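Taken in sequence, the protein lines are chains D and V.
Residue 1349 is where the first sequence starts when you use our numbering, and the numbers rise one by one after that.
Residue 35 is where the second sequence starts when you use our numbering, and the numbers rise one by one after that.
Cβ coordinates follow ideal geometry from the N, Cα and C atoms, glycine included.
Quantities reported herein were computed from a predicted structural model and do not represent experimental measurements.
Just below is one structure, and these are the notes that go with it.
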Amino acid sequence: MILVFCELKDGKLRKPSAEALSEGRRLADASGSKVGALFVGASTAGAADATKYGADVILTCEAAHLASYSSDAFATAIADAVKSKSATVLLGGATAMGKDALPRVAARLGAGYSGDVTGLSMVEGKLQALRPVYAGKAFATTSFSSEVQVATTRPNVFEAVEKPGAGVMESLPAPAGDFKAIVKEILAKGTGKPDLTEANVIVSGGRGMKNGENFAILEELADALGGVVGASRAAVDAGWGLSHGMQVGQTGKVVSPTLYIACGISGAIQHLAGMSGSKYIVAINKDPEAPIFKLASYGIVGDLFEVVPELTKAAKALGIGAHH
Amino acid sequence: MKILVALKQVPDTETKIKLSADGRSIDPTDVKWITSPYDEYALEEALRLKESKGAEVTVVSLGGDSVKDVLRNALALGADHAVLLKSDASDPLAIASALAAFAKDKGFDLIMAGNKGIGGDNASVGPMIAELLGIAQANVVVKLEIGEGTFRAEREIEGGTEMVEGSLPAVITAQKGLNEPRYASLKGIMGAKKKTIEELDGAAPAGVTSVLNMVMPPARPEGRKLMGDAAQQAADLFSALKDEAKIF
Ligand SMILES: Cc1cc2nc3c(=O)[nH]c(=O)nc-3n(C[C@@H](O)[C@H](O)[C@H](O)COP(=O)(O)OP(=O)(O)OC[C@H]3O[C@@H](n4cnc5c(N)ncnc54)[C@H](O)[C@@H]3O)c2cc1C
Ligand SMILES: Cc1cc2nc3c(=O)[nH]c(=O)nc-3n(C[C@H](O)[C@H](O)[C@H](O)COP(=O)(O)OP(=O)(O)OC[C@H]3O[C@@H](n4cnc5c(N)ncnc54)[C@H](O)[C@@H]3O)c2cc1C
């Protein structure tokens, strides 16, 4: 069995989980295997969503003491599910939770682990993972020699394909409630906007923005496009009040949106490492020689303070954000 | 308190990666090696705990003779002991196993690591060490408070942060924002030259993954510049995104 660790948000299957599940389905079809979707928490209402993306079996591990995330408790629940179903492949989205729990599960099971993969295949019954290394400056194909093989899939890379499965529900026993660590509170509630790593459209600003207040024009453009705002390290470190979570690059977030709009960003190698996986790149820079233009699908040489408001106007006129 | 910091030596982030002839690794010629940037935050946090609460800080790195540079630098910054685990292991679980075997039974209250190492980028060695030692973990941490046998760690999640509370010993992996790493003083650098680096056999188990091949990223299709004034450029961009890229 190919087991996929799935996450719910507000009772709905998260997109990175749907993507991992779809990829699990594809691998299972290629290797004549079954797909199990695993849900862990105090309530797993909404787990039936997994049927849509091809789950043959939906495994739920439900207990009141699993209401908050705990790495060791969740790792136990996941590892036990792998064992009880004799799963040979374990997948999950490369989300905050997936990246926290799955390496721990891999160590418990003596399994090989590949993080943040962008491609998967089954070769002679064994998993192979394609993944960016050196922050995307190169790609490596990893093979596994362990019986169980664990990988997390990078959000926004694999397509979530609706392909109904049998979706047979089965509940699993929950681990005991004595945890070494547990999440006590969520400090900054999401704004309702997707995280940079999951966003379809990213509008990023660099040192060329001049100050933090000016990021308001990027917010407006992002809103008009249904996107989110990112930043270069120079902007984050400038003391403009931008959060570290906004940084894109080798020491920030590695992103792969459909559209990345870089405003006043020169294109340093560490920045490019974080966003060169974007499908379309638009660069706005007043310096025609800026290295960012080498990567740009569409380059706009000009003053961003003139160009960005025009883009917002054009986007609003087309009603683009409405489609997202 | 006893703190262990795991340091990984990686190519400088400026490095233009070239592949070596075997097609499975990078060409090390002209590569400048540094301490993985996230590991610098891990070390800095350990040094700050040493200063505020009193702690003995041991740094450990697994690799060949060259990683002594990373260890020497950590001694210059204020680490008390440095250990080189000699090994050519490259699989995350093998590396974590060797580091966990070293840490076991030595009474470390805290094991600090980077949330990911530049290069492998698996972000897995920290949580694997925690599991192998059967202790708590908090990853991608931007704020850390240590209490009496307990910790509170703020870690980055989608669109915000969450507060993890747990018991020590624990593995904490550092994220940018945790602190601002210091520079070595001349006195520190001179002092580090006199300190010894303990060398041990890394004794890593066989790996469970291996790299079959490495390739450069696919070349991006040729782009083009949009002409005219800002309004014209905006109009052209959206028609291109619609008609050529078929995005909207
Ligand atoms: C020739 C070659 C072959 C490779 N083969 C493989 C392979 O087969 N499979 C594979 O997955 N990767 C392979 N890699 C990449 C590999 O060496 C990675 O370094 C390894 O996977 C673990 O590092 P990471 O960056 O992924 O660790 P992460 O999990 O991202 O590292 C997190 C943290 O763990 C600590 N840490 C990691 N490594 C060390 C260390 N050596 N010493 C001390 N602390 C450390 C650091 O604090 C680091 O910040 C290869 C690299 C080379 C050059
Ligand atoms: C270890 C390490 C890790 C790093 N990690 C990262 C990382 O993860 N992410 C990252 O981004 N960087 C990273 N960096 C920093 C990186 O090297 C660059 O310094 C940084 O990316 C530069 O940011 P920038 O492009 O915003 O600024 P600059 O390079 O200063 O570029 C500003 C650009 O704005 C343009 N501009 C100015 N005014 C206007 C205007 N009115 N209209 C249009 N264009 C204008 C200029 O022509 C210029 O090209 C790292 C560096 C190191 C050493």
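Cutoff 9 Å: residue i Cβ touching any chain V Cβ
i, result
"residue 1671 (chain D)", "With a pLDDT of 46 at residue 1671 (chain D), under the threshold of 50, the modelled position of that residue is not reliable, and the figure given next carries that caveat. It does; some Cβ of chain V falls within 9 Å."
"residue 1582 (chain D)", "no"
"residue 1373 (chain D)", "no"
"residue 1666 (chain D)", "yes"
"residue 1387 (chain D)", "no"
"residue 1490 (chain D)", "yes"
"residue 1591 (chain D)", "yes"
"residue 1368 (chain D)", "no"
"residue 1407 (chain D)", "no"
"residue 1479 (chain D)", "yes"
"residue 1606 (chain D)", "yes"
"residue 1641 (chain D)", "yes"
"residue 1436 (chain D)", "no"
From the options, residue whose alpha carbon lies closest to that of residue i
i, options, result
"residue 1584 (chain D)", "D:1618, D:1375, D:1555 and D:1446", "D:1555"
"residue 180 (chain V)", "V:219, V:124, V:92 and V:80", "V:80"
"residue 1544 (chain D)", "V:190, V:43, V:148 and V:258", "V:190"
"residue 239 (chain V)", "V:129, V:208 and V:269", "V:129"
"residue 1619 (chain D)", "D:1595, D:1463, D:1406 and D:1605", "D:1595"
"residue 193 (chain V)", "D:1406, D:1576, D:1358 and D:1665", "D:1576"
"residue 126 (chain V)", "D:1431, D:1458 and D:1437", "D:1458"
"residue 1621 (chain D)", "V:44, V:36 and V:48", "V:48"
"residue 209 (chain V)", "V:84, V:172 and V:118", "V:172"
"residue 1376 (chain D)", "D:1654, D:1418, D:1401 and D:1605", "D:1401"
"residue 161 (chain V)", "V:205, V:82 and V:137", "V:205"
"residue 1505 (chain D)", "D:1591, D:1363, D:1564 and D:1665", "D:1363"
"residue 101 (chain V)", "V:143, V:35, V:67 and V:212", "V:67"
"residue 156 (chain V)", "D:1473, D:1483, D:1476 and D:1470", "D:1483"
Buried or exposed by the 16-neighbour rule on C-beta atoms within 10 Å, applied to residue i
i, result
"residue 1535 (chain D)", "exposed"
"residue 61 (chain V)", "exposed"
"residue 165 (chain V)", "buried"
"residue 264 (chain V)", "buried"
"residue 1390 (chain D)", "exposed"
"residue 63 (chain V)", "exposed"
"residue 1670 (chain D)", "Summary for residue 1670 (chain D): the model assigns pLDDT 44, below 50, so the residue's position carries little reliability, and this model does not support an answer."
"residue 1526 (chain D)", "exposed"
"residue 1581 (chain D)", "buried"
"residue 1608 (chain D)", "buried"
"residue 258 (chain V)", "exposed"
"residue 87 (chain V)", "exposed"
"residue 131 (chain V)", "buried"
"residue 1496 (chain D)", "buried"
"residue 1656 (chain D)", "buried"
Test item: CB-CB of residue i and residue j under 9 Å
i, j, result
"residue 1516 (chain D)", "residue 1373 (chain D)", "no"
"residue 95 (chain V)", "residue 40 (chain V)", "yes"
"residue 1478 (chain D)", "residue 1461 (chain D)", "no"
"residue 1399 (chain D)", "residue 243 (chain V)", "no"
"residue 1643 (chain D)", "residue 254 (chain V)", "yes"
"residue 223 (chain V)", "residue 110 (chain V)", "yes"
"residue 1606 (chain D)", "residue 1628 (chain D)", "yes"
"residue 1406 (chain D)", "residue 1518 (chain D)", "yes"
"residue 1552 (chain D)", "residue 1579 (chain D)", "yes"
"residue 1360 (chain D)", "residue 1397 (chain D)", "yes"
"residue 53 (chain V)", "residue 1476 (chain D)", "no"
Cutoff 9 Å: residue i Cβ touching any chain D Cβ
i, result
"residue 126 (chain V)", "yes"
"residue 42 (chain V)", "no"
"residue 195 (chain V)", "yes"
"residue 96 (chain V)", "no"
"residue 107 (chain V)", "no"
"residue 159 (chain V)", "yes"
"residue 164 (chain V)", "yes"
"residue 275 (chain V)", "yes"
"residue 104 (chain V)", "no"
Distance cut-off 8 Å: residue i Cβ against heavy atoms of ligand 3
i, result
"residue 1618 (chain D)", "Although ligand 3 was asked about, the structure shown includes only ligand 1 and ligand 2 as ligands."
Contact residues within the segment 200-215 of chain V, judged by C-beta distance below 8 Å to chain D: 200, 201, 204, 209, 210 and 211
Against chain V: residues of the segment 1511-1540 of chain D by CB proximity under 9 Å: 1527, 1528, 1529, 1530, 1531, 1532, 1533, 1534, 1535, 1536, 1537, 1538, 1539 and 1540
Residues of the segment 128-155 of chain V whose Cβ lies closer than 7 Å to any Cβ of chain D, in chain order: 130, 152, 153, 154 and 155
Members of the segment 1441-1457 of chain D that neighbour chain V once the beta carbon cut-off is set at 9 Å: 1442, 1443, 1444, 1445, 1447, 1448, 1449, 1450, 1451, 1452, 1453, 1454, 1455 and 1456
Contact list for the segment 1412-1433 of chain D against chain V, Cβ threshold 8 Å: 1417, 1419, 1420 and 1423
Members of the segment 233-247 of chain V near chain D, C-beta cut-off 7 Å: 242, 243, 244, 245, 246 and 247
Under 8 Å (Cβ pairs) to chain V, residues found in the segment 1482-1509 of chain D: 1482, 1483, 1484, 1485, 1486, 1487, 1488, 1489, 1490, 1491, 1492, 1493 and 1494
Contact list for the segment 63-78 of chain V against chain D, Cβ threshold 8 Å: 71 and 72
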